[in-house]
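Just below is one structure, and these are the notes that go with it.
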Amino acid sequence: MLFGEHVKRFSSRSVPKLKRDQAKVPSGIWQECPHCHAGFYFKKAGQYRVCPECGYGFRVTARRRLKMLTKHFDEWDSDLETRNPTEFPDYQRKIKKAQSATHLKDGVLTGKALIDDYPVALGIMDPLFIMGSLGTANGERLTRLFEKATEQQLPVIVLTASGGARMQEGIYSLMQMAKISQAVNDHGKAGLAYISVIMDPTTGGVTASFASQADVTLAEPKALYGFTGKRVIEQTINKQLPNDFQSVENGYQRGLIDEIVPREQLAQRLSQLLSILEAKKWGEMT
Amino acid sequence: MTDTQAVIAGARSDRKANVYAMIDQLFTDFFELHGDQIASDDPAIVAGLAKLADRPIAVIATQKGNNLEDRMATHFGSPEPAGYRKSLRVMRLAEKLNFPIITLVNTPGAYPGADAEAAGQGQMIAKNISEMLKLRVPILTLIVGEAGSGGALALACSDQIWMLENSMYSVLSPEGFASIMWKDAHLADKAAELMRLTPDWLLKQHAIHRIIPERMLTDGSLKTALTSAIGELCQQDSATRLAKRAAFFRKF
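These protein sequence lines are chains A and B, in that order. In terms of the UniProt record's numbering, the first sequence opens at residue 1 and continues consecutively. In terms of the UniProt record's numbering, the second sequence opens at residue 1 and continues consecutively.
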């Protein structure tokens, strides 16, 4: 049988050769954009790790994302760690793994930063720490970010990236949404501004709380921003949804986002906004 | 059947599906308000003004419905953004009139539909949580059956959170939890055991204030308990109440 022979010849001779050839390209050199699926040599993504075709910003650790934004940073509350409040099996092992991947104790980096010359309280969520999910430790760190900002009269900037509530922390995770929202309220009551920057992905309980409570909401191009996971919605309505259903571009059209800002321009856009927010008010002495 | 499974079965019982019956049991002269005053009227949220022991009160509840038609309309008690807007509208009215608020919660979560998502489901929940935490009037929540996810929390940022003996409160429905953790919603029973969603455990964690035995629903003592709890909350000044409400959530 011709077909059978062909398969045999292909598997016995070509495959080992193909495998040898493939081995000459080390992994990570050739990359594919998860958004537009364009393939490219990894250095083309540049220092900002952006797809050269569509502008999608790759998911990077919070520490790396920080370096793209500012050089001036004093870290706060770096030692906060979860105590596994629901005694969830195998959770500590997962935490350890995430800690070594991100060089964070939990999924957010917070501290005081300078954007140009403007001091701000800055939080950056880490999508590589159990999908940036919201638990007690990163929830506490974000709460303290707002509380310290209120004390020190600083505006807050949070770059969000999260799969939503941390399932392993159960009700404690849900309570973080109320806890952080209260701190956001108190910060707002002090007349201070809060800017959120939606990164990929921002979903679930983070969308349903502080990510969507900012005075100004910016977003990175092509980031996913939604509440319910696309798969769950599709199962509920028994229909396929378009790929861009929960894109920030779509959210911008629907009035949920103020501006979509490419990564390399974020510092400059924030600086302009801060120059207005921090300008001397009418009637204040010059 | 394990204890957890028994609690879930009791929480999802058909007896609890019609919140109008419970409203009639607890309150008098319930005057329902319809619509979000912007786009539509979500039947999954029942809201209005009533009297409890002859004093004025605002009532906000989730509704599942007793027949298939109602359950389709309410998506089995899962509110859409318009429902949360209606809830917020009535909460603001209560604030203006200085009426305490009682919320009755029985929802697996906010409705996960495409239209709901497109209309800003997550953003609306975020807003309700934020606004509820600011309300100066007393708020008491009774979890009647299911209370899942942000969709439940958006009605439960309250001064007092009570749960019926057979009710559940969790970060997500057991089915959703199993789907996220193991990509298989059929493992809901296994999920439920791990999730710690029973009133007993939640009370030990101080995630709720009180467990209400089911019999108090039928023998009239729940009404008495609500009356005295609202009375006590009204004795405190609003700054004290707000500080306590904030401290309750701050401890997590």
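From the three backbone atoms N, C-alpha and C, an ideal C-beta is built for every residue, glycine too.
- In the three-state scheme derived from DSSP, where H, G and I count as helix and E and B as strand, residue 207 of chain B is classed as coil.
- Interface residue (Cβ-Cβ distance to chain B less than 8 Å): residue 194 of chain A is not classified as such.
- Secondary structure note for residue 223 of chain B: it is in no beta strand (DSSP E), and the uninterrupted alpha helix (DSSP H) holding it is 221 to 235.
- Under the 8 Å criterion on CB atoms, residue 134 of chain B is classed as interfacial with respect to chain A.
- With 16 or more neighbouring CB atoms inside 10 Å of its own CB, residue 211 of chain A falls in the buried class.
- Around residue 202 of chain B, the same chain offers 163, 169, 196 and 208 as residues with beta carbons nearer than 8 Å, after the five sequence neighbours per side are excluded.
- Per DSSP, reduced to three states, the secondary structure at residue 37 of chain B is coil, with no helix or strand assignment.
- Beta-bridge analysis with DSSP links residue 125 of chain A to A:108.
- Around the beta carbon of residue 130 of chain B, a 10 Å sphere encloses 16 or more other beta carbons of the protein chains shown; the residue is thus reported as buried.
- In the same chain as residue 166 of chain A, and ignoring 5 residues on each side of it, the C-beta atoms closer than 6 Å to its own belong to 133, 134, 135 and 173, in chain order.
- Near chain B, meaning a CB-to-CB distance below 9 Å, the residues of the segment 249 to 263 of chain A are 250, 251, 254, 255 and 256.
- Contacts with chain A (Cβ-Cβ distance below 7 Å) from the segment 26 to 43 of chain B involve no residue at all.
- Interface flag for residue 240 of chain A against chain B is unset, since no Cβ pair is found closer than 8 Å.
- At a cut-off of 8 Å between beta carbons, residue 199 of chain A makes no contact with chain B.
- Nearest in C-alpha terms to residue 183 of chain A, of all of A:43, A:148 and A:74, is A:148.
- Around residue 157 of chain B, the beta-carbon contacts reaching into chain A at under 8 Å are 178 and 181.
- Within chain B, the residues whose beta carbon sits less than 7 Å from that of residue 86 of chain A are 196, listed in sequence order.
- Annotation for residue 51 of chain B: the continuous beta strand (DSSP E) segment containing it runs 45 to 52.
- Taking 8 Å as the cut-off, the Cβ atoms of residue 30 of chain B and residue 10 of chain B do not count as close.
- The C-alpha of residue 127 of chain A is placed about 6 Å away from the C-alpha of residue 162 of chain A.
- Look at residue 92 of chain A: its C-beta is not under 8 Å from any C-beta on chain B.
- Close to residue 125 of chain A, with beta-carbon spacing below 7 Å, lies no residue of chain B; the smallest spacing is near 16 Å.
- Rounded to the nearest whole angstrom, the C-alpha separation of residue 126 of chain B and residue 112 of chain B is 16 Å.
- Distances from the alpha-carbon of residue 100 of chain B to those of B:75, B:120 and B:137 put B:137 closest.
- In the three-state DSSP reduction, residue 106 of chain B falls in the strand class (E or B).
- If you draw a straight line from the Cα of residue 220 of chain B to the Cα of residue 229 of chain B, it is about 15 Å long.
- Annotation for residue 177 of chain B: the continuous alpha helix (DSSP H) segment containing it runs 174 to 182.
- The beta-carbon of residue 173 of chain B is placed no less than 8 Å from the nearest beta-carbon of chain A.
- When A:218, A:249, A:254 and A:40 are compared, the shortest CA-CA separation from residue 273 of chain A is found for A:218.
- Within the same chain, 280 come within 7 Å of residue 286 of chain A by CB-CB distance, once the 5 residues on both sides are set aside.
- Residue 184 of chain A belongs to the set of residues whose beta carbon lies under 8 Å from a beta carbon in chain B.
- When secondary structure is reduced to three states using DSSP, residue 20 of chain B falls in the helix class.
- Assigned with DSSP and collapsed to three states, residue 4 of chain B falls in helix.
- Residue range 160 to 164 is occupied by the beta strand (DSSP E) that includes residue 163 of chain B.
- Of the candidates B:25, B:81, B:75 and B:251, B:81 places its Cα closest to the Cα of residue 36 of chain B.
- The criterion of a C-beta distance shorter than 8 Å is not satisfied by residue 114 of chain B and residue 79 of chain B.
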